[in-house]
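Just below is one structure, and these are the notes that go with it.
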């Protein structure tokens, strides 16, 4: 049984010993025999899977970092707009002048 999933000779040579890397003419790919492989099939699948997961984690980390940075800047701009000084006119309490006049007349 052989493992044939290498598109270039260089990739095949890094996984297999150089003398056990064979070109399959029917499929136009490189193969290495099971008896002299440096890594077994499940080990290669594990290494490839871990590499892909690390790459995806890196992409997610970068996206989250950029999103947080943009979100922080937009919140800061909103806070600056909210903190603008606002002048509030204080209203004087309304007094009924007729009532005041009546009180003054009563005191006389």
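Residue numbers (this note's numbering): 5 to 112.
Glycine is no exception: its CB is placed at the ideal position from the N, C-alpha and C atoms.
CB-CB length for residue i against residue j, believed under 8 Å
{"i": "residue 48", "j": "residue 19", "result": "7 Å"}
Cut-off 6 Å between Cβ atoms - residues of its own chain near residue i, not counting five sequence neighbours on either side
{"i": "residue 58", "result": "none"}
Near the ligand ADP: residue i beta-carbon under 6 Å from a heavy atom
{"i": "residue 107", "result": "With respect to small molecules bound, the structure shown includes none, and the ligand ADP cannot be examined in it."}
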